[in-house]
Structures are given as C-alpha cells and as structure tokens.
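Residue numbers (this note's numbering): 734 to 1062.
Ideal Cβ positions, reconstructed from N, Cα and C, are used throughout, including at glycine.
Taking it in order: structure first as structure tokens, then the write-up.
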Amino acid sequence: MRTFAIAASVAALVLGLAGPASADPIIIKFSHVVATDTPKGKASEKFKELAEKYTGGKVKVEVYPNSTLYKDKEELEALQLGSVQMLAPSNSKFGPLGIREFEVFDLPYILPDLKTLRKVTEGPLGARLLKLLEPKGITGLAYWDNGFKQMSANKKLVTPADYQGLKFRIQSSRVLQAQFKALGSLPQVMAFSEVYQALQTGVVDGQENTWSNIYTQKMHEVQKYITETNHGYIGYVVIVNKKFWDGLPADIRDQLSKAMKEATDFNNAQSQKENDDALAEIKKSGKSEIIKLTPEQDEAMRKAMEPVYKDAASRVGQPLIDEFQKEAK
Ligand code: LMR
C-alpha cells in the first residue's frame, strides 16, 4: 500500500499533477475593440493590475485590445457563450442583443457634459438599465466614459445640408441611424475595426467618433476635415458573463468589485484628458483641418437633429427619454 502511495505521488510529480488544483489562477479574458492608448484601453489595464493585486494572483486578467480576439458583434456572442468573460462595449452596441434602452445615450445633444452624464449612470436609471442585461446572461458592473463625438469627412461639414447624401459609418444603434437620416445621410452599420479601411477606400464618406478613437485609429489621416460638434456621447458598459461572475467564490468577487470600482474612478478621471491630448495630437499632425462651428451653426445642427427624439420614442420609449432628461437636469 505504502509503495503504491509513493509510486502514485512520484507519478503525479512527473506528470505535473502535484499541488492543489486551486493554485491555478482564474482567468478573465477581457476583450475590447479600441487601442490600448485610449480611456477604455488604459482602464482595462488598470483593472487587470488591481484585480491581480487584490486577489493575490488568484485571478489573472488577459486583456485583448484592438479587436484582436473579436469584433463588435462577435465579442457579445463570445461573452454569452463564455469564450471571454469581460467586455466593455459602448452603449450603442446592445441593440443586436434585443436591448434598445441603452440607445437613449445616443440621442443627439442629450448630455451637455460628463458631470450630467454621471447623474444618470450613478442614479436609479443607470442601475435599472444594467438589470436589463441579466436575462441575456450578462451582469453589468460599471459605466466607463469615453467622451463626446465629432463628425469627420473629406468634405467640410458645417451646415446640416453638407451631410446630404453622404455615407456615414455608424455603430449598431437605431438612434444613430435616425440621427444620420435626419441629416439626409446614408448610415451604414460597421464594426469599429473596419472603419479606417472603409474611410480610406471610400466605402463610407465619413464617421462620428471621439478624439481618442479618431486619433488612435488614424482616421484623421484619411479624413480631410473634422468638425467639432460634440453632438453625441460614447461611453461603455463593463459587462461580465453572469454565470462566471455568480460562480466565483464570494471573497474573489468582492476583491474584483473593489478593483472595478477603482478602475472606474481611474477611467472617469482620465477620459477627458485622453480626448484633449488626442485632439492636440491631431492638430499637431496637420493631417486634418478642425472646423469649429459658430453658435448659429451649432444651433442649426441641433435643430436638424431634433426629429431624432420623436423617432427614438418609438424605439427606446418616451418615458425612458423623459426619465433620462429629468435625471440629467
Ligand atoms: C465605435 O464603434 O465607434 C466605438 O464604440 C468603439 C469604442 O469601443 O470606443
């Protein structure tokens, strides 16, 4: 018997089976579509650092930036299947899952600034929206900012009439579709990873995005003009596979929640700077002319996009829009 036990441990050692199985770290694959040098890219790295520290190495976070694992739509499917555990898609990308409510964040000019945004994401509406994810097997953990969107094209975009007939790449949001239709443009849903090439080859004429996304994807190198419209917002919902999250030991889940809270504070404190720095770099590159609108031109853009609210009421619901606007006051 003793000989057998010794032989078994020797065999286990040789086969590398020795040691408690619990020593294997829990792996969190965190996939996203933007560059590392962006608000989301940096915050996901911060989460990795804190998660590994607070769990004493029991959790290992593998961050996959720049759509290296999956593109927009695929990454949501991968999360539901459990092929990745964590993502941070923008509010505009939940429609294909059958959840349209996050598209309320896409309404043009609904948020005057990030301070106002915080009132919504940290209020009861923000919490209720996260709950909508649960029946889809997803747990919402946090809201991360990126910033405000600008319009770009190879044509000067100053008045609403300038948008007429141009093809614009959009994220998969019906509100964004309505926005470009209101301007007389032709919106085209496309994965983020394909935008640069589509702009370069003329598959689309223009796009809307934040300064940090425009700069890190080099869109300014293939767009002659960028108009500083700040007309819409891009922010993220950090999500995990619900079964994975609920199945974690409680102490680990608490440590990860603490790491997420701090990574969120980190993100929301630096997102504005990331976008300001990206704008400065674009200006320095001289590759794209930055157009500023006069108050009258800005007003004309707001007016042209007003019909989007009516259109959105039938998609996300008027009560939700009202509640959002009330919380944003
Ligand atoms: C986009 O698709 O334009 C953005 O949502 C990308 C991102 O994650 O910021």
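For Ser-777, the uninterrupted alpha helix (DSSP H) segment begins and ends at 772-787. With a beta-carbon spacing of about 7 Å, Phe-901 and Asp-938 fall inside the 8 Å limit used to define contacts. Scanning its chain for C-beta atoms nearer than 8 Å, with the 5 sequence neighbours on each side dropped, one finds around Ser-1021 the residues Ser-885, His-953, Glu-954, Gln-956, Lys-957, Tyr-958, Ile-959 and Ile-1015, in chain order.
Arg-902 carries a strand assignment under DSSP once its states are collapsed to helix, strand and coil.
Using a Cβ distance threshold of 8 Å, Gln-1003 and Pro-772 count as a contacting pair. Val-792 is positioned such that its CB atom lies closer than 8 Å to that of Glu-785. Straight-line spacing of the CA atoms in Glu-1056 and Ala-860 works out to 13 Å. Taking all protein chains in view, the Cβ of Thr-934 is surrounded by fewer than 16 other Cβ atoms within 10 Å, so the residue is classified as exposed. Contact check for Thr-943 and Lys-882: beta-carbon distance about 6 Å, within the 8 Å limit, so the pair qualifies. Val-1041 is positioned such that its CB atom lies closer than 8 Å to that of Val-908. Residue Leu-850 holds the alpha-carbon nearest to the alpha-carbon of Tyr-876 among Val-928, Leu-850, Glu-927 and Ala-894. Annotation for Pro-1028: the continuous alpha helix (DSSP H) segment containing it runs 1028-1038. Between Thr-949 and Val-767, the CB-CB gap stays under 8 Å. The residue among Ala-811, Asp-846 and Ala-924 with its C-alpha nearest the C-alpha of Lys-869 is Ala-811. With fewer than 16 other CB atoms across the displayed protein chains lying within 10 angstroms of its CB, Leu-814 is exposed.
Boundaries around Ile-947 are those of the alpha helix (DSSP H), 944-949, since no beta strand (DSSP E) includes it. Collapsing the DSSP output to three states places Gly-828 in a helix. The secondary-structure analysis by DSSP pairs Trp-978 with nothing; it has no beta-bridge partner. If you ignore the 5 residues before and after Leu-858, its C-beta comes within less than 7 Å of the C-beta of Glu-1056, Phe-1057 and Glu-1060, all in its own chain and listed in chain order.
Under the three-state reduction of DSSP, Leu-874 is assigned to strand. Within 7 Å of the C-beta of Ile-967 there is at least one heavy atom belonging to the ligand LMR. Among the bridge pairs identified by DSSP, Leu-820 is matched with Ser-764 and Ile-972. For Leu-989, the CB contacts under 6 Å within the same chain, skipping 5 residues up- and downstream, are Ala-784 in chain order. Between Lys-1025 and Gln-818, the alpha-carbon positions lie close to 41 Å from each other.
Ranked by how close their Cα comes to the Cα of Asp-984, the residues Tyr-787, Ala-911, Ile-871 and Leu-890 have Tyr-787 in first place. Fewer than three pairs of CB atoms, one per stretch, sit closer than 8 Å, so the stretch 916-930 makes no contact with the stretch 962-978.
The DSSP-derived three-state label of Ile-985 is helix. Ser-905 and Gly-828 have their alpha carbons spaced roughly 7 Å apart. For Ile-967, the closest C-alpha among the options Asn-946, Val-973 and Lys-775 is that of Asn-946. Where Leu-919 is concerned, the enclosing beta strand (DSSP E) starts and stops at 919-922. Check the Cα spacing between Leu-866 and each of Ser-926, Arg-986, Glu-834 and Phe-838: the tightest is with Glu-834.
In the DSSP assignment, Ala-886 is bridged to Gly-939 and Tyr-958.
In the DSSP assignment, Tyr-929 falls within the alpha helix (DSSP H) that extends over 928-934.
The three-state secondary structure of Gly-880, taken from DSSP, is strand.
Distances taken from the Cβ of Gln-921 to the heavy atoms of the ligand LMR include none shorter than 7 Å.
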